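Peer 1: In the working numbering, the protein residues as written are 964 to 1268.
Glycine included, each C-beta is placed from N, C-alpha and C at the ideal position.
From a predicted model like this one, the values you see are computed outputs, not experimental measurements.
Before anything else, here's the structure in question.
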């Protein structure tokens, strides 16, 4: 399936403050590089599948949330892979509150800057990005009206949190950071309490509000950002909330194992391929199939050998 890459301009409004995403011409990207926009003007990158001679073909939409480095080369390639399987992918520039859409470098300064911005940006701003991205996809003439979300690292967390928007019905989250520690956005200190905190807006305390979606949670056991106890807490809290969830842990995978960039030596193409099949199964079943409304009464499973 062929792919057309564009971008759109939207304006987010949080606490009365506008953060514009201005419409400007795309600068053609070289092969295997992140898409390029004119500097200092944020936008939503859009990857649209096309079927020659079928201009009215319909596809589900997917919001793709990036790592702390914004829409980098690896993220853009992941978006193209998803789009090539028949999904319209919208990848917002998460740090448009502070900078343009250019990706941060996979080095110490880039990492430090991304980690700083992820805790300065408010949860309300992250949530507004979701609303605007879904709004856009639902107005796309080739969208079939069903929306999923995926992402890695910071984006894995945002993909889960995106299901606060009930229009999102399927989520594939890769090594989501900061859920178990309540450490996304402004916060006083990391908090890994297993108790649901009253009046908290942190994602782990709002899991009961995510029931409109089905989840696939993917982690590497060697991930130092989400250790054993963190993954165990996420699994337990999602089960406690009654969410429809599949939970996958890969024995030798580290953090960021799907990032096809070798500077940190963690890319595992074979495990990444398995995980992509997980994504295709969930998105294909929920977003491409006319399944209708979910019957919330579980069917009793017969205990047989």
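Could you give the uninterrupted runs of the alpha helix (DSSP H) lying entirely in the segment 1050 to 1099, keeping only those of 4 residues or more?
Peer 2: Runs of the alpha helix (DSSP H) inside the segment 1050 to 1099: 1071 to 1083.
Peer 1: Does the separation of the CB atoms of residue 1023 and residue 1246 fall below 8 angstroms?
Peer 2: Residue 1023 sits at position 60 when you count from the first residue of the chain shown. Residue 1246 sits at position 283 when you count from the first residue of the chain shown. Cβ distance < 8 angstroms, so residue 1023 and residue 1246 count as in contact.
Peer 1: Tell me which residue opens and which closes the beta strand (DSSP E) that residue 970 is part of.
Peer 2: Residue 970 sits at position 7 when you count from the first residue of the chain shown. 965 to 971 is the extent of the beta strand (DSSP E) around residue 970.
Peer 1: Identify, in the order they occur along the chain, each residue of the same chain with its Cβ nearer than 7 angstroms to the Cβ of residue 1168, setting aside the five sequence neighbours on each side.
Peer 2: The residue labelled residue 1168 in the question sits at position 205 within the chain shown. Excluding positions up to five away in sequence, the list reads 1159, 1160.
Peer 1: Which residue comes first and which comes last in the beta strand (DSSP E) that contains residue 1160?
Peer 2: Along the chain shown, one-based indexing puts residue 1160 at 197. Segment: none, residue 1160 is in no beta strand (DSSP E) and carries neither H nor E.
Peer 1: Looking at residue 1134: is its Cβ nearer than 8 angstroms to the Cβ of residue 1068?
Peer 2: Locating residue 1134 in the chain shown gives position 171, counting from the first residue. Locating residue 1068 in the chain shown gives position 105, counting from the first residue. No. Outside cutoff.
Peer 1: The beta strand (DSSP E) with residue 1106 in it runs from where to where?
Peer 2: To locate residue 1106, count along the chain shown from 1; it is residue 143. It spans 1106 to 1115 - the beta strand (DSSP E) in which residue 1106 sits, taken as one unbroken run.
Peer 1: Helix, strand or coil for residue 1240 per DSSP?
Peer 2: As a first step, residue 1240 is located in the chain shown; it is residue number 277 there, counting from the start. Assigned with DSSP and collapsed to three states, residue 1240 falls in helix.
Peer 1: Could you tell me which uninterrupted beta strand (DSSP E) segments, each at least 3 residues in length, are contained entirely in the segment 1156 to 1208, listed from first to last along the chain?
Peer 2: 1177 to 1183
Peer 1: Count the other CB atoms, across all protein chains shown, that sit within 10 Å of the CB of residue 1250; report buried if there are 16 or more and exposed otherwise.
Peer 2: Locating residue 1250 in the chain shown gives position 287, counting from the first residue. By the 10 Å Cβ count, residue 1250 comes out buried.
Peer 1: Please classify residue 1134: does DSSP put it in a helix, a strand, or coil?
Peer 2: The count along the chain shown starts at 1 and reaches residue 1134 at position 171. Strand at residue 1134.
Peer 1: With respect to the beta strand (DSSP E) encompassing residue 1007, which residues constitute its N-terminal and C-terminal limits?
Peer 2: Within the chain shown, the letter at position 44 stands for residue 1007. Counting along the chain, the beta strand (DSSP E) containing residue 1007 begins and ends at 1007 to 1013.
Peer 1: Between which two residues does the beta strand (DSSP E) containing residue 1027 stretch?
Peer 2: As a working note, residue 1027 is residue 64 in the chain shown. Its beta strand (DSSP E) spans residues 1022 to 1028.
Peer 1: By the three-class DSSP mapping on this structure, what secondary structure does residue 1210 have?
Peer 2: Taking the chain shown and counting its residues from 1, the one referred to as residue 1210 is at position 247. DSSP places residue 1210 in strand when its eight states are reduced to three.
Peer 1: Would a C-beta distance cut-off of 8 angstroms place residue 970 and residue 1010 closer than the cut-off?
Peer 2: Taking the chain shown and counting its residues from 1, one reaches residue 970 at position 7. Taking the chain shown and counting its residues from 1, one reaches residue 1010 at position 47. Cβ atoms of residue 970 and residue 1010: not closer than 8 angstroms.
Peer 1: In chain order, what residues of the same chain lie with their CB nearer than 6 angstroms to the CB of residue 1248, ignoring the 5 residues before and after it?
Peer 2: By one-based count along the chain shown, residue 1248 stands at place 285. If we look at residue 1248 and ignore the five residues flanking it on each side, it has no Cβ neighbours.
Peer 1: When you compare each of 1129, 1104, 1142 to residue 1118 by their alpha carbons, which one comes out closest?
Peer 2: As a working note, residue 1118 is residue 155 in the chain shown. Ranking the options by Cα distance to residue 1118, first place goes to 1142.
Peer 1: If we ignore side chains and look at the alpha-carbon of each, how far apart do residue 1192 and residue 1013 end up?
Peer 2: One-based indexing of the chain shown puts residue 1192 at position 229. One-based indexing of the chain shown puts residue 1013 at position 50. Going by the C-alpha atoms only, they are around 44 angstroms apart.
Peer 1: Nearest-angstrom Cα distance between residue 1059 and residue 976?
Peer 2: Reading the chain shown from its first residue, position 96 is the one you call residue 1059. Reading the chain shown from its first residue, position 13 is the one you call residue 976. One C-alpha to the other measures close to 12 angstroms.
Peer 1: How long is the line joining the alpha carbons of residue 1149 and residue 1084, rounded to whole angstroms?
Peer 2: Taking the first residue of the chain shown as position 1, residue 1149 is located at position 186. Taking the first residue of the chain shown as position 1, residue 1084 is located at position 121. Between residue 1149 and residue 1084, the C-alpha separation is close to 7 angstroms.
Peer 1: Which residue wins for smallest C-alpha separation from residue 1046, given the options 1243, 1073, 1101?
Peer 2: Residue numbering aside, residue 1046 sits at position 83 when the chain shown is read from its first letter. Of 1243, 1073, 1101, the residue nearest in Cα terms is 1243.
Peer 1: Can the beta-carbon of residue 1208 be found less than 8 angstroms from the beta-carbon of residue 1180?
Peer 2: Residue numbering aside, residue 1208 sits at position 245 when the chain shown is read from its first letter. Residue numbering aside, residue 1180 sits at position 217 when the chain shown is read from its first letter. Cβ atoms of residue 1208 and residue 1180: closer than 8 angstroms.
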